[in-house]
Amino acid sequence: MKNSRSKPFVIGISGGSGSGKSTIINEIVERLGSEKIAVLHHDAYYRHRPELSFEERTIINFDHPDSLETKLLMKHLVQLISGEKVEVPIYDF
Numbered sequence: 049m050k051n052s053r054s055k056p057f058v059i060g061i062s063g064g065s066g067s068g069k070s071t072i073i074n075e076i077v078e079r080l081g082s083e084k085i086a087v088l089h090h091d092a093y094y095r096h097r098p099e100l101s102f103e104e105r106t107i108i109n110f111d112h113p114d115s116l117e118t119k120l121l122m123k124h125l126v127q128l129i130s131g132e133k134v135e136v137p138i139y140d141f
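Going by this note's numbering, the sequence shown opens with residue 49, and the numbers climb by one from there.
And the structure:
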């Protein structure tokens, strides 16, 4: 018997801060149902920098690509597409 589970379809939504990404995602989830969708926010993948003081962290450019763990996000996407579970980091601003 053939596995009825289909390969996940990945949609990437990008844009600057305040550009409406979350609004679009929320609309997609509302229309398709949350039980069918896994949402990964790139914001969850900011680099953890405990070695920096609070003052040093306030001057970090969080819009710079080096501030994000993009390789980890990509690894998680591949794992999800393969049907594996992932543990998304929780970033504490």
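Don't be surprised by glycine CBs; every beta carbon is placed ideally from N, CA and C.
- Bridge pairing for Leu116: Tyr94 [DSSP].
- Within the same chain, Arg97 come within 8 Å of Arg105 by CB-CB distance, once the 5 residues on both sides are set aside.
- Listed in chain order, the non-local C-beta contacts of Val87 below 8 Å within the same chain comprise Ile73 and Val77, local neighbours out to five positions each way being set aside.
- Per DSSP, Thr71 is one residue of the alpha helix (DSSP H) stretching across Lys69 to Leu80.
- DSSP places Phe102 in the helix class (H, G or I) of the three-state scheme.
- The beta carbon of Ile129 sits closer than 8 Å to those of Lys55, Pro56 and Val58, all from its chain and outside the five residues before and after it, given in chain order.
- Nearest to Pro137 by alpha-carbon distance, out of Asp111, Pro113, Gly64 and His89, is His89.
- Looking only at Lys133, Ile107, Val126 and Arg95, the smallest Cα-Cα distance to Pro113 is reached by Arg95.
- Between Glu132 and Gly66, the alpha-carbon positions lie close to 31 Å from each other.
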